[in-house]
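In mature numbering (1 follows the signal peptide of the UniProt record, and there is no 0), the protein residues as written are -22 to -1, 1 to 173.
Okay, structure first, notes after.
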């Protein structure tokens, strides 16, 4: 009798698990092309900050603190990741000394020759329970040039709408940067930044 009870509980748990996994499948999905001009403007706004910073040699602690604030406003929680990529963090240095920019890194941007926005799409998923509905914007940039080291390079910006319906950066996928003696921000020719 006791084994029937356990078997019954096991069957109920299995059915519950199956039902909840079924509920997590969207009942409808749609893909909407996003305006490529707007996508370029969104990425350029972010990457102008990167390129302006990466082409410098050093910043004061005060400038670093201001940069941290402005990058956080633009990149949210991903600002720290970007600062880690762009700065030499020397734990032995004085807290009041200058912060030096990492010179042996290439952070590809749309301002580099061969880097271009290739795709901008809004994905929407609808579920029975509206709480799970999702909307995200994917903007992909890729290297389209001849350099073998950068062949197949791509990065994806993922945005979600905030409570005001404005697109807020939610994350990245792909390769953020290339690090090593062979690389620097002038590894690829820079196009003029238009503001």
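We put the CB at the ideal spot given by N, CA and C, even for glycine.
All values derive from a computational prediction rather than experimental measurement.
For residue i, name the three-state secondary structure that DSSP assigns.
| i | result |
| --- | --- |
| residue 21 | helix |
| residue 38 | coil |
| residue 99 | strand |
| residue 75 | coil |
| residue 30 | helix |
| residue -2 | Unreliable positioning characterises residue -2 in this predicted model, as indicated by a pLDDT of 46, which lies under 50. A coordinate reading is not provided. |
| residue 52 | helix |
| residue 5 | coil |
| residue 89 | coil |
Could you compute how far the alpha carbon of residue i sits from the alpha carbon of residue j?
| i | j | result |
| --- | --- | --- |
| residue 101 | residue 53 | 21 Å |
| residue 14 | residue 131 | 20 Å |
| residue 167 | residue 32 | 14 Å |
| residue 50 | residue 65 | 15 Å |
| residue 129 | residue 106 | 42 Å |
| residue 137 | residue 109 | 18 Å |
| residue 41 | residue 20 | 24 Å |
| residue 158 | residue 83 | 6 Å |
| residue 153 | residue 133 | 6 Å |
Buried or exposed: where does residue i fall if 16 or more other Cβ atoms within 10 Å of its Cβ makes it buried?
| i | result |
| --- | --- |
| residue 89 | buried |
| residue 86 | buried |
| residue 118 | buried |
| residue 135 | buried |
| residue 121 | buried |
| residue 45 | buried |
| residue 39 | exposed |
| residue 6 | exposed |
For residue i, I'd like the list of residues in its chain whose CB is within less than 7 Å of its CB, leaving aside the five on either flank, ordered along the chain.
| i | result |
| --- | --- |
| residue -2 | Caution applies to residue -2, whose pLDDT of 46 falls short of 50 and renders its modelled position unreliable; the model cannot decide the point. |
| residue 165 | 84 |
CB-CB under 6 Å to residue i, same chain, minus the five flanking residues each way: which ones, in chain order?
| i | result |
| --- | --- |
| residue 10 | 100 |
| residue 18 | 95 |
| residue 103 | 4, 7 and 112 |
| residue 150 | none |
| residue 91 | 166 and 167 |
Based on the DSSP secondary-structure assignment, which residues constitute the bridge partners of residue i?
| i | result |
| --- | --- |
| residue 139 | 145 |
| residue 169 | In DSSP, residue 169 forms no bridge with anything. |
| residue 152 | 133 |
| residue 44 | According to DSSP, residue 44 bridges with nothing at all. |
| residue 119 | 95 and 133 |
| residue 104 | 6 |
| residue 11 | 99 |
| residue 84 | 156 |
| residue 113 | 102 |
Give every residue of the same chain whose Cβ lies closer than 8 Å to the Cβ of residue i, excluding the five residues on either side of it in the sequence, and list them in chain order.
| i | result |
| --- | --- |
| residue 28 | 60, 64, 85 and 87 |
| residue 36 | 76, 77, 78 and 79 |
| residue 162 | 81, 82, 83 and 84 |
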